[in-house]
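K.L.:
Let me give you the structure first, and then I'll get to my questions.
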Amino acid sequence: MPWKETKDPYKIWVSEIILQQTRVAQGKDYYLRFINQFPDIDSLASAEQTEVLKQWEGLGYYSRARNLQQAAQDIIHRFNGVFPTKYDDIISLKGIGPYSAAAISSFAFEQPYAVVDGNVQRVLSRHFEILLAIDSTEGKKRIALLAQKLLDKKQPAQFNQAIMDFGALICTPKAPKCETCPLSKSCRALKNNIVKEIPFKSKKVKKTDRFYYFFLIHKEDHIVIQRRPNIGIWAGLHELPNIESHSALSHAEILSKINFEEKKSIKLIHSIQHKLTHLNLNITLYHLINSSQYKCHKNQRLEKVSELSTFAFPKPLKNFLDIFFMNNI
Ligand code: SF4
Numbered sequence: 000m001p002w003k004e005t006k007d008p009y010k011i012w013v014s015e016i017i018l019q020q021t022r023v024a025q026g027k028d029y030y031l032r033f034i035n036q037f038p039d040i041d042s043l044a045s046a047e048q049t050e051v052l053k054q055w056e057g058l059g060y061y062s063r064a065r066n067l068q069q070a071a072q073d074i075i076h077r078f079n080g081v082f083p084t085k086y087d088d089i090i091s092l093k094g095i096g097p098y099s100a101a102a103i104s105s106f107a108f109e110q111p112y113a114v115v116d117g118n119v120q121r122v123l124s125r126h127f128e129i130l131l132a133i134d135s136t137e138g139k140k141r142i143a144l145l146a147q148k149l150l151d152k153k154q155p156a157q158f159n160q161a162i163m164d165f166g167a168l169i170c171t172p173k174a175p176k177c178e179t180c181p182l183s184k185s186c187r188a189l190k191n192n193i194v195k196e197i198p199f200k201s202k203k204v205k206k207t208d209r210f211y212y213f214f215l216i217h218k219e220d221h222i223v224i225q226r227r228p229n230i231g232i233w234a235g236l237h238e239l240p241n242i243e244s245h246s247a248l249s250h251a252e253i254l255s256k257i258n259f260e261e262k263k264s265i266k267l268i269h270s271i272q273h274k275l276t277h278l279n280l281n282i283t284l285y286h287l288i289n290s291s292q293y294k295c296h297k298n299q300r301l302e303k304v305s306e307l308s309t310f311a312f313p314k315p316l317k318n319f320l321d322i323f324f325m326n327n328i
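Each residue of the sequence shown is one higher than the last, beginning at 0 in numbering that gives the first Met the number 0.
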């Protein structure tokens, strides 16, 4: 992986943030494009937010991209544009928690901070038979203390990388290779035949439903788009005009909420469900066929279809627009 071959704290930081919620296979391309577009702290700090979000388009959890840029601007102001080397300064940056701070401190600066990700939690809780939920305060604390105690203080980067790789390749979640594992003799979970039961979690994430009704309004080779507010889901991204609801709306309710004059010319064209960690998004797309009289609201603009690729849209909307205009224009 390209980020394993560098000691540049900026590049390690970007890779850690991308990989927080993204698989390595998908994250690698995003990482390479991001670093190509913003090769250093200066270029990221001075970019337009829309450019940063565009590079993040499709990765989800967009607050990561906004936090990266805010932290880059903070580094310019507080640390004269030089990435801080002290753990306390690193963790004070927006979007950097104990995991990322430990990763940057150890990988970039060889400082003695143990990295605790899901792989490390699994290896330690199995090997030492820690019967605490890994998402409980007590469980997290016990594993973090143990990881810090075990850390090889002389070569923290190598130790951290080794234990994470061990969890990813040997002590895997579903089919750990216990028969060939070099730690099998001392592994307590193996001895007590409870490898499959460890680690475990206490809470189940409760998902709520959210309903979005989007309207594709186009005039010749332009469509109406708008930018989402800077808070909440998909903050700062572009979208189509829409109605948002916490419960499902009937067709009549939708018609009563919109102020288009040509209500009869609204046609349902697509509906999908998109799952996020805490939300089930129920998305319905309508096409306003006769839209020549439509007047844009203050927050809306007409944008050329051929220019849409320069804006960052939420993934389900981008997929829809790509397919719609490929087949219709
Ligand atoms: S023996 Fe099995 S459960 Fe124990 S550390 Fe090795 S791979 Fe993991």
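We put the CB at the ideal spot given by N, CA and C, even for glycine.
Using a threshold of 9 Å, state whether the C-beta atoms of L223 and Q299 are closer than that.
P.N.:
First, the residue type needs correcting, since residue 223 is Val and not Leu in the sequence shown. For V223 and Q299, yes; Cβs fall inside 9 Å.
K.L.:
Using a 10 Å radius around the Cβ and a threshold of 16 neighbouring Cβ atoms, would you call K53 buried or exposed?
P.N.:
Label assigned to K53: buried.
K.L.:
Go to V223, then tell me how far its beta strand (DSSP E) extends in each direction, as first and last residue.
P.N.:
Note, V223: beta strand (DSSP E), H221 to R226.
K.L.:
With DSSP as the reference, label L18 as helix, strand or coil.
P.N.:
The answer is helix: DSSP assigns L18 an H, G or I state.
K.L.:
For N327 and I142, I'd like the C-alpha separation in whole angstroms.
P.N.:
At N327 the pLDDT is 49, less than 50, meaning the model places this residue with poor confidence; the figure from the coordinates comes in the next sentence. Rounded to whole angstroms, N327 to I142 spans 55 Å at the Cα level.
K.L.:
Checking the sheet assignment: what are the DSSP bridge partners for H286?
P.N.:
L215 and K266.
K.L.:
When DSSP labels each residue in this structure, what does N330 get in the three-state scheme?
P.N.:
The structure shown does not extend to residue 330, since the chain is modelled only from 0 to 328, so the question has no answer here.
K.L.:
Could you compute how far the alpha carbon of I288 sits from the alpha carbon of I253?
P.N.:
Roughly 16 Å between the two C-alpha positions.
K.L.:
Could you please give the first and the last residue of the uninterrupted alpha helix (DSSP H) stretch that includes I103?
P.N.:
Its alpha helix (DSSP H) spans residues P97 to F108.
K.L.:
What residues in its chain sit with their C-beta under 6 Å from that of S135, if we drop five residues either side in the sequence?
P.N.:
Result list for S135: S201, in chain order.
K.L.:
Report all residues from its chain with a CB closer than 7 Å to the CB of G80; omit the five preceding and five following residues, and keep chain order.
P.N.:
Within the same chain, G80 has close Cβ partners I40, D41 and I74.
K.L.:
So does V330 have its beta carbon nearer than 8 Å to some heavy atom of the ligand SF4?
P.N.:
This structure does not reach residue 330, given that the chain is present from 0 up to 328, and the question cannot be answered.
K.L.:
Determine the burial state of G57: buried for a count of at least 16 other Cβ atoms within 10 Å of its Cβ, exposed for fewer.
P.N.:
So G57 counts as exposed.
K.L.:
Secondary structure at I232, three-state DSSP: helix, strand or coil?
P.N.:
Residue state, collapsed to three classes: coil.
K.L.:
Going by the C-beta, is K176 closer than 8 Å to any heavy atom of the ligand SF4?
P.N.:
K176: yes, Cβ under 8 Å from the ligand SF4.
K.L.:
Which of the three DSSP states, helix, strand or coil, is assigned to L67?
P.N.:
L67 falls in the helix class under three-state DSSP.
K.L.:
Expressed to the nearest angstrom, what Euclidean distance is found between the alpha-carbon atoms of V100 and L278?
P.N.:
It is worth fixing the name first, because residue 100 is Ala in this sequence and not Val. The alpha-carbon atoms of A100 and L278 are separated by roughly 28 Å.
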